[in-house]
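Notes follow the structure.
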Amino acid sequence: MDNVCSNIITSNPADVILFVFALIVLVVLVWCLWAFFYAIFSFIFSKWDDAKVKRAWNAIRYMIIGLFITVMLLFVWPAILRLFGVQNADEYAVKNIFIKVGNIVNCVTTWITRVITDYPNNNPFWSNADPLGITQTIWTDSAGSTVTIYAL
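For the sequence shown, our numbering assigns the number 581 to the initial residue and increments by one for each residue that follows.
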């Protein structure tokens with residue numbers, strides 16, 4: 581089974597920085613979705629209690645501020661890098677950051693799918709199966725015990 585997560589991050593410094601930016605964008609987007617649904621349910625179940633309505637409005641306000649700051653950073657960051665003369669500043673373009681976000685989401689969803697579908701049949705902790713695409717190294721130590729290591 582091929583490893584879908586192998587292209588997520590490499591030792592290239594530009595790739596590491598893209599990965600960090602992508603994680604920040606992904607966390608902000610997930611947080612904004614959570615804040616949006618929190619605000620909706622707060623409005624629905626507030627019974628127009630002033631304190632609960634105020635918390636719901638604050639959640640929407642913080643969500644909008646977070647999205648605004650993220651969008652500003654996404655579009656301003658490459659310009660700042662070009663201003664300071666960083667080589668290959670175009671590698672940090674918005675398109676590349678969102679491609680990396682897509683790769684991360686694909687990796688996470690593929691891993692979750694493999695765990696859900698393969699776990700009952702191929703439990704990696706009870707057998708030598710490798711349902712998650714994780715590399716195994718098996719050897720026998722000096723005492724004769726078999727050792728299995730799961731490494732990403």
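Cβ atoms here follow ideal geometry from the backbone N, Cα and C, with glycine treated the same way.
Between which two residues does the alpha helix (DSSP H) containing residue i stretch?
{"i": "Cys585", "result": "From DSSP, Cys585 is part of no alpha helix (DSSP H); its letter is neither H nor E."}
Taking DSSP as the reference, what is the three-state secondary structure of residue i?
{"i": "Val633", "result": "helix"}
{"i": "Asn592", "result": "coil"}
{"i": "Ser626", "result": "coil"}
{"i": "Gly682", "result": "helix"}
{"i": "Ile597", "result": "helix"}
{"i": "Trp706", "result": "For Trp706, the predicted structure reports a pLDDT of 49, less than 50, and the residue's modelled location is therefore unreliable. A value from the coordinates is still provided. The answer is coil: DSSP assigns Trp706 none of H, G, I, E or B."}
{"i": "Phe664", "result": "coil"}
{"i": "Ala673", "result": "coil"}
{"i": "Thr715", "result": "Only weak support exists for where Thr715 lies, its pLDDT of 49 falling under 50; the value from the coordinates is given anyway. Three-state result, Thr715: strand."}
{"i": "Leu732", "result": "Because Leu732 carries a pLDDT of 47, less than 50, the predicted location of this residue cannot be relied on, and the following value inherits that uncertainty. Note: Leu732 maps to coil in three-state DSSP."}
How about residue i and residue j: do their beta carbons lie closer than 7 angstroms?
{"i": "Cys687", "j": "Ile597", "result": "no"}
{"i": "Ile604", "j": "Ala619", "result": "no"}
{"i": "Met643", "j": "Ala615", "result": "yes"}
{"i": "Leu606", "j": "Val681", "result": "yes"}
{"i": "Leu647", "j": "Cys612", "result": "yes"}
{"i": "Ser626", "j": "Lys634", "result": "no"}
{"i": "Ala602", "j": "Ile684", "result": "yes"}
{"i": "Phe617", "j": "Ala636", "result": "no"}
(message) Does the region 667 to 684 come into contact with the region 592 to 608, if we say contact requires no fewer than three beta-carbon pairs (one atom in each stretch) closer than 8 angstroms?
(response) The region 592 to 608 and the region 667 to 684 touch, with three or more beta-carbon pairs separated by less than 8 angstroms.
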